[in-house]
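Line by line, the protein sequences are chains A and B. Under the working numbering, think of the first position of the first sequence as 13, with each following residue one higher. Under the working numbering, think of the first position of the second sequence as 3, with each following residue one higher. Have a look at the structure below, then the notes.
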Amino acid sequence: DAKTTQPNSMESNEEEPVHLPCNHSTISGTDYIHWYRQLPSQGPEYVIHGLTSNVNNRMASLAIAEDRKSSTLILHRATLRDAAVYYCILRALTGNQFYFGTGTSLTVIP
Amino acid sequence: DTEVTQTPKHLVMGMTNKKSLKCEQHMGHRAMYWYKQKAKKPPELMFVYSYEKLSINESVPSRFSPECPNSSLLNLHLHALQPEDSALYLCASSQVAHRVGGDEQYFGPGTRLTVT
Chain A
13 DAKTTQPNSM ESNEEEPVHL PCNHSTISGT DYIHWYRQLP SQGPEYVIHG LTSNVNNRMA
73 SLAIAEDRKS STLILHRATL RDAAVYYCIL RALTGNQFYF GTGTSLTVIP
Chain B
3 DTEVTQTPKH LVMGMTNKKS LKCEQHMGHR AMYWYKQKAK KPPELMFVYS YEKLSINESV
63 PSRFSPECPN SSLLNLHLHA LQPEDSALYL CASSQVAHRV GGDEQYFGPG TRLTVT
């Protein structure tokens, strides 16, 4: 399974944008890039996913490099409630398997 | 209702006990999952059910026995566990088993299991 690499931890000031990077140099042409986050004492929750084009939703934006070997999750204005572990996951074209990477622990500073 | 419920929230069991974890969803999802998460580690996939049939077993020891009695329920039967099996057990579900690119998974809050 293709692997992802993320920084162990990052900090951001409240109300500032946050860019969370993910490297996936072994991504195949049909792998989708998914992002989930896990708040303390909760199960993971879906954030966003994409294939090639940049994606936006109400929670975040996903910027995907042209060669698809990396991607960046963008939180436009960090709030204290965004403090969580963010996981970047590659998902095959079909199939249900979900393999989490090590994730980035985001701390938001008031 | 986009909720996945898991019971119990906490479970303490001895190595000779038999217990079960329960997961329930009413979103009409036809794929359900069990994950194991150790402290400060990412979730690890254990089992996947598609249309109530076991489709993936990630080489999980037989002391963990999953069961999907219907499309809304998922159980994990536990027997003769070891202390190293202590972890958070997460259940998830998704809408369609094999749609291209995958559907988002909805996770429950987990069951915190301690094996003594």
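Glycine is no exception: its CB is placed at the ideal position from the N, C-alpha and C atoms.
| Check | Outcome |
| --- | --- |
| Local conformation of residue 51 of chain A per DSSP, three classes | coil |
| Neighbourhood of residue 199 of chain B by C-beta distance below 6 Å, restricted to the same chain and skipping five residues each side | The displayed coordinates of chain B run from 3 to 118. Any statement about residue 199 of chain B would go beyond what the structure contains. |
| Short CB-CB distance (under 7 Å) between residue 123 of chain A and chain B | Limits of chain A in this structure are 13 at one end and 122 at the other, which puts residue 123 of chain A out of reach. |
| Any C-beta of chain A under 7 Å from that of residue 106 of chain B | yes |
| Contacts that residue 47 of chain B makes with chain A (C-beta to C-beta distance below 7 Å) | 109, 110, 111 |
| Buried/exposed call for residue 31 of chain A, threshold 16 Cβ in 10 Å | exposed |
| Buried or exposed by the 16-neighbour rule on C-beta atoms within 10 Å, applied to residue 79 of chain A | exposed |
| Segments assigned beta strand (DSSP E), at least 3 residues, entirely inside the stretch 45–101 of chain A | 57–62, 73–76, 82–87 |
| Contact belief for residue 91 of chain A with residue 120 of chain A at Cβ below 8 Å, rounded distance in angstroms | 7 Å |
| Paired residues, beta bridge with residue 19 of chain B - DSSP | Its beta-bridge partners do not exist; DSSP assigns none. |
| Whether residue 93 of chain B touches residue 8 of chain B by CB criterion (7 Å) | yes |
| Straight-line Cα distance separating residue 47 of chain B from residue 110 of chain A | 7 Å |
| is_contact[residue 115 of chain A, chain B] using C-beta, thresh 7 Å | yes |
| Positions along the stretch 67–94 of chain B whose CB lies within less than 9 Å of some CB in chain A | 90, 92, 93, 94 |
| Nearest residue (CA-CA) to residue 40 of chain A, options A/82, A/72, A/48, A/114 | A/82 |
| C-alpha gap between residue 66 of chain A and residue 67 of chain B, whole angstroms | 41 Å |
| Alpha-carbon spacing of residue 20 of chain A relative to residue 117 of chain A, whole angstroms | 6 Å |
| Pairwise C-alpha distance: residue 28 of chain A and residue 56 of chain B | 45 Å |
| Minimum Cβ-Cβ distance from residue 112 of chain B to chain A less than 7 Å | yes |
| Chain A contact for residue 44 of chain B (CB, 7 Å cutoff) | yes |
| Three-state class that DSSP yields for residue 86 of chain B in the structure shown | helix |
| Residue 44 of chain A versus A/72, A/114, A/15, A/50, residue with shortest Cα-Cα distance | A/15 |
| Length of the line joining the Cα atoms of residue 84 of chain A and residue 25 of chain A | 18 Å |
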